[in-house]
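Residue numbers (the working numbering): 388 to 639.
Glycine residues also receive a C-beta, built at the ideal position from the N, C-alpha and C atoms.
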Amino acid sequence: MPSSNRSSTKYQPQHQIWAILPAAGIGKRMQSAIPKQYLDLNGRPVLAHTIDALLKNPYISGLVIALQDDDAYWDDIAIYSDKPVLRAPGGAERADSVLSALDTLLASERFDAEHDWVMVHDAVRPCLRQSDIDKLVQVVAENPAGGLLALPVRDTMKRQNPSVATVSTTVDRDLLWHALTPQYFPAKLLKNALASALAKQLAVTDESSAMEMAGYCPMLVSGYEDNIKITRPDDLRLAGLYLQARETEESQ
(Lines of atoms letter the chains of each structure in order from A; the text may use other names.)
(Lines give C-alpha, C1' and ligand atoms only; values in the text may rest on other atoms or scores of the structure.)
Protein backbone atom coordinates (compact mmCIF):
# COMPACT_ATOMS: atom_id res chain seq x y z
CA MET A 388 0.00 0.00 0.00
CA PRO A 389 1.57 3.35 -1.01
CA SER A 390 2.32 5.93 1.67
CA SER A 391 -0.15 8.80 1.92
CA ASN A 392 2.86 11.08 2.02
CA ARG A 393 4.06 10.17 -1.47
CA SER A 394 2.83 12.10 -4.48
CA SER A 395 0.75 10.61 -7.29
CA THR A 396 0.43 13.12 -10.11
CA LYS A 397 -1.40 11.32 -12.91
CA TYR A 398 -3.47 14.44 -13.65
CA GLN A 399 -1.39 17.21 -15.21
CA PRO A 400 -2.86 20.74 -15.14
CA GLN A 401 -2.22 23.11 -18.03
CA HIS A 402 -1.09 25.86 -15.66
CA GLN A 403 1.71 26.37 -13.16
CA ILE A 404 1.00 26.17 -9.43
CA TRP A 405 2.99 28.31 -7.01
CA ALA A 406 2.79 28.04 -3.25
CA ILE A 407 2.31 31.13 -1.08
CA LEU A 408 3.27 31.16 2.59
CA PRO A 409 2.14 34.14 4.70
CA ALA A 410 4.79 34.01 7.45
CA ALA A 411 4.85 37.50 8.93
CA GLY A 412 2.94 36.65 12.11
CA ILE A 413 4.41 36.45 15.60
CA GLY A 414 2.05 33.91 17.18
CA LYS A 415 1.15 35.53 20.52
CA ARG A 416 -0.74 32.46 21.78
CA MET A 417 2.45 30.38 21.78
CA GLN A 418 3.96 32.68 24.45
CA SER A 419 7.35 32.18 22.83
CA ALA A 420 10.33 34.50 22.55
CA ILE A 421 10.54 33.81 18.81
CA PRO A 422 7.82 33.55 16.15
CA LYS A 423 6.16 30.14 16.22
CA GLN A 424 7.12 29.34 12.63
CA TYR A 425 10.76 29.28 13.75
CA LEU A 426 10.31 27.07 16.82
CA ASP A 427 12.17 23.76 16.82
CA LEU A 428 10.21 20.76 15.58
CA ASN A 429 12.11 17.46 15.56
CA GLY A 430 15.42 19.24 15.03
CA ARG A 431 14.36 21.77 12.38
CA PRO A 432 12.24 24.94 12.41
CA VAL A 433 8.51 24.47 11.87
CA LEU A 434 8.74 26.60 8.74
CA ALA A 435 11.42 24.34 7.23
CA HIS A 436 9.11 21.32 7.46
CA THR A 437 6.28 23.30 5.86
CA ILE A 438 8.46 24.47 2.98
CA ASP A 439 9.76 20.94 2.40
CA ALA A 440 6.22 19.56 2.21
CA LEU A 441 5.29 22.07 -0.49
CA LEU A 442 8.44 22.09 -2.61
CA LYS A 443 8.81 18.31 -2.75
CA ASN A 444 5.44 18.00 -4.49
CA PRO A 445 5.73 17.72 -8.30
CA TYR A 446 2.70 19.98 -8.82
CA ILE A 447 4.41 22.94 -7.12
CA SER A 448 6.62 25.06 -9.40
CA GLY A 449 7.96 27.46 -6.77
CA LEU A 450 7.14 29.35 -3.61
CA VAL A 451 6.64 32.93 -2.42
CA ILE A 452 7.01 33.66 1.28
CA ALA A 453 5.78 36.89 2.88
CA LEU A 454 8.01 37.97 5.77
CA GLN A 455 8.46 40.95 8.04
CA ASP A 456 11.22 43.27 6.83
CA ASP A 457 13.13 42.77 10.08
CA ASP A 458 12.79 38.97 10.16
CA ALA A 459 16.00 37.80 11.84
CA TYR A 460 15.50 34.06 11.36
CA TRP A 461 14.71 33.46 7.68
CA ASP A 462 18.31 33.42 6.46
CA ASP A 463 19.04 30.41 8.66
CA ILE A 464 16.36 28.24 7.04
CA ALA A 465 17.89 25.45 4.95
CA ILE A 466 15.88 24.75 1.79
CA TYR A 467 16.50 21.39 0.12
CA SER A 468 15.05 22.14 -3.30
CA ASP A 469 16.16 23.67 -6.59
CA LYS A 470 12.74 25.26 -7.11
CA PRO A 471 12.63 29.07 -6.96
CA VAL A 472 11.76 30.74 -3.65
CA LEU A 473 10.79 34.42 -3.75
CA ARG A 474 10.45 36.79 -0.79
CA ALA A 475 7.65 39.35 -0.45
CA PRO A 476 7.04 42.03 2.20
CA GLY A 477 4.72 40.84 4.95
CA GLY A 478 1.65 42.86 5.87
CA ALA A 479 -0.23 43.76 9.04
CA GLU A 480 -2.77 40.97 8.49
CA ARG A 481 -2.77 37.64 6.70
CA ALA A 482 -4.73 39.03 3.74
CA ASP A 483 -2.20 41.85 3.32
CA SER A 484 0.66 39.34 3.26
CA VAL A 485 -1.05 37.10 0.72
CA LEU A 486 -1.85 40.07 -1.50
CA SER A 487 1.77 41.21 -1.27
CA ALA A 488 2.95 37.73 -2.25
CA LEU A 489 0.55 37.73 -5.19
CA ASP A 490 1.86 41.11 -6.34
CA THR A 491 5.43 39.80 -6.16
CA LEU A 492 4.50 36.68 -8.09
CA LEU A 493 2.43 38.45 -10.74
CA ALA A 494 5.36 40.80 -11.39
CA SER A 495 7.69 37.86 -11.99
CA GLU A 496 8.55 36.71 -15.50
CA ARG A 497 8.31 33.13 -14.22
CA PHE A 498 4.54 33.43 -13.75
CA ASP A 499 1.62 33.65 -16.19
CA ALA A 500 -0.73 36.12 -14.53
CA GLU A 501 -3.67 35.16 -16.73
CA HIS A 502 -3.61 31.41 -16.28
CA ASP A 503 -1.48 30.23 -13.34
CA TRP A 504 -2.80 29.24 -9.93
CA VAL A 505 -1.59 29.65 -6.35
CA MET A 506 -1.81 27.41 -3.32
CA VAL A 507 -1.85 29.39 -0.07
CA HIS A 508 -0.77 27.45 3.01
CA ASP A 509 -0.33 28.30 6.68
CA ALA A 510 3.35 28.52 7.59
CA VAL A 511 2.61 26.62 10.80
CA ARG A 512 0.94 23.58 9.24
CA PRO A 513 4.09 21.44 8.84
CA CYS A 514 2.31 18.05 8.69
CA LEU A 515 0.78 18.53 5.24
CA ARG A 516 0.68 15.25 3.32
CA GLN A 517 1.68 14.89 -0.32
CA SER A 518 -1.54 13.01 -0.99
CA ASP A 519 -3.57 15.98 0.28
CA ILE A 520 -1.81 18.33 -2.14
CA ASP A 521 -2.44 15.88 -4.97
CA LYS A 522 -6.08 15.43 -4.05
CA LEU A 523 -6.68 19.17 -3.83
CA VAL A 524 -5.20 19.80 -7.28
CA GLN A 525 -6.99 16.86 -8.89
CA VAL A 526 -10.45 17.41 -7.37
CA VAL A 527 -10.45 21.17 -7.85
CA ALA A 528 -9.73 20.66 -11.55
CA GLU A 529 -13.53 20.40 -11.79
CA ASN A 530 -14.10 23.87 -10.33
CA PRO A 531 -12.64 26.98 -12.03
CA ALA A 532 -13.25 28.99 -8.83
CA GLY A 533 -10.80 26.87 -6.82
CA GLY A 534 -11.11 25.09 -3.52
CA LEU A 535 -9.60 24.26 -0.16
CA LEU A 536 -8.77 21.38 2.12
CA ALA A 537 -11.32 21.01 4.90
CA LEU A 538 -12.70 18.55 7.45
CA PRO A 539 -16.38 17.76 8.04
CA VAL A 540 -17.44 18.76 11.56
CA ARG A 541 -18.00 15.67 13.71
CA ASP A 542 -18.62 17.18 17.15
CA THR A 543 -21.91 18.65 18.29
CA MET A 544 -21.75 22.42 17.76
CA LYS A 545 -23.21 24.98 20.17
CA ARG A 546 -23.86 28.68 19.59
CA GLN A 547 -23.15 30.92 22.59
CA ASN A 548 -25.38 33.70 23.86
CA PRO A 549 -23.84 37.09 23.02
CA SER A 550 -23.15 38.35 26.53
CA VAL A 551 -22.45 35.20 28.55
CA ALA A 552 -20.94 31.75 27.98
CA THR A 553 -24.22 29.85 27.98
CA VAL A 554 -25.74 27.87 25.13
CA SER A 555 -28.08 29.75 22.83
CA THR A 556 -28.78 26.85 20.48
CA THR A 557 -27.35 23.67 19.00
CA VAL A 558 -26.15 24.15 15.43
CA ASP A 559 -26.84 21.56 12.74
CA ARG A 560 -23.40 20.18 11.91
CA ASP A 561 -24.41 18.24 8.79
CA LEU A 562 -23.28 20.97 6.40
CA LEU A 563 -20.43 22.40 8.51
CA TRP A 564 -16.73 22.00 7.71
CA HIS A 565 -13.51 23.09 9.39
CA ALA A 566 -11.48 25.10 6.86
CA LEU A 567 -7.84 24.02 6.53
CA THR A 568 -5.04 24.94 4.16
CA PRO A 569 -3.76 24.79 1.47
CA GLN A 570 -6.37 26.86 -0.32
CA TYR A 571 -6.02 26.76 -4.09
CA PHE A 572 -7.21 29.41 -6.55
CA PRO A 573 -6.49 31.08 -9.89
CA ALA A 574 -4.03 33.83 -8.99
CA LYS A 575 -5.84 36.57 -10.87
CA LEU A 576 -9.22 35.79 -9.28
CA LEU A 577 -7.74 35.62 -5.79
CA LYS A 578 -5.86 38.89 -6.17
CA ASN A 579 -9.00 40.70 -7.31
CA ALA A 580 -11.08 39.14 -4.52
CA LEU A 581 -8.59 40.07 -1.81
CA ALA A 582 -8.09 43.60 -3.12
CA SER A 583 -11.84 44.16 -3.27
CA ALA A 584 -12.46 42.84 0.25
CA LEU A 585 -9.65 44.91 1.75
CA ALA A 586 -10.81 48.05 -0.06
CA LYS A 587 -14.25 47.54 1.51
CA GLN A 588 -12.65 46.91 4.92
CA LEU A 589 -14.26 43.49 5.14
CA ALA A 590 -12.95 40.85 7.54
CA VAL A 591 -10.93 38.33 5.53
CA THR A 592 -10.32 35.26 7.68
CA ASP A 593 -8.87 33.15 4.87
CA GLU A 594 -8.54 33.20 1.10
CA SER A 595 -11.77 31.28 0.63
CA SER A 596 -13.70 33.95 2.52
CA ALA A 597 -12.42 36.59 0.09
CA MET A 598 -13.49 34.45 -2.85
CA GLU A 599 -16.91 33.90 -1.27
CA MET A 600 -17.37 37.66 -0.81
CA ALA A 601 -16.58 38.05 -4.51
CA GLY A 602 -19.42 35.68 -5.41
CA TYR A 603 -17.47 32.44 -5.96
CA CYS A 604 -18.16 29.02 -4.45
CA PRO A 605 -14.86 27.26 -3.66
CA MET A 606 -14.89 23.48 -3.54
CA LEU A 607 -14.46 21.67 -0.22
CA VAL A 608 -11.93 18.83 -0.42
CA SER A 609 -11.68 16.47 2.55
CA GLY A 610 -8.16 16.25 3.97
CA TYR A 611 -6.30 14.44 6.74
CA GLU A 612 -6.89 15.37 10.38
CA ASP A 613 -3.16 15.46 11.13
CA ASN A 614 -2.77 18.62 9.02
CA ILE A 615 -2.85 20.63 12.24
CA LYS A 616 -2.09 24.31 12.74
CA ILE A 617 0.43 25.03 15.48
CA THR A 618 -1.02 27.74 17.70
CA ARG A 619 -0.29 26.46 21.23
CA PRO A 620 2.56 24.49 22.86
CA ASP A 621 0.56 21.23 22.85
CA ASP A 622 0.17 21.53 19.07
CA LEU A 623 3.95 21.59 18.66
CA ARG A 624 4.34 18.35 20.60
CA LEU A 625 1.53 16.70 18.63
CA ALA A 626 3.03 17.78 15.30
CA GLY A 627 6.32 16.24 16.36
CA LEU A 628 4.61 12.92 17.02
CA TYR A 629 2.81 13.02 13.67
CA LEU A 630 6.01 13.69 11.74
CA GLN A 631 7.91 11.03 13.66
CA ALA A 632 5.21 8.45 12.93
CA ARG A 633 5.25 9.40 9.26
CA GLU A 634 9.02 8.94 9.04
CA THR A 635 8.60 5.46 10.52
CA GLU A 636 5.81 4.67 8.04
CA GLU A 637 7.91 5.78 5.06
CA SER A 638 10.94 3.77 6.16
CA GLN A 639 9.01 0.50 6.20
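Inclusion of residue 546 and residue 527 in the CB contact set at 7 Å is not warranted, their separation being larger than that value. The beta carbons of residue 608 and residue 523 sit closer together than 7 Å. For residue 461, the CB contacts under 6 Å within the same chain, skipping 5 residues up- and downstream, are 454 in chain order. The alpha-carbon separation between residue 419 and residue 520 amounts to approximately 30 Å. The beta-bridge partner set that DSSP reports for residue 609 consists of 537.
Just measuring C-alpha positions, the residue of 497, 431, 525, 479 sitting nearest residue 446 is 525.
Runs of the beta strand (DSSP E) lying entirely within the region 513-598, each at least 3 residues long, are 534-539, 544-547, 554-558, 564-573 in chain order. By the Cβ test, the region 563-574 is not in contact with the region 619-639, since fewer than three Cβ pairs between them sit closer than 8 Å. Scanning the region 401-426 from its first residue to its last, the whole beta strand (DSSP E) runs of 3-plus residues come out as 404-409. Pairing residue 507 with residue 423 gives a Cβ-Cβ distance that is not under 7 Å.
Shown here, residue 478 sits in coil according to DSSP, grouped into three states, outside any helix or strand.
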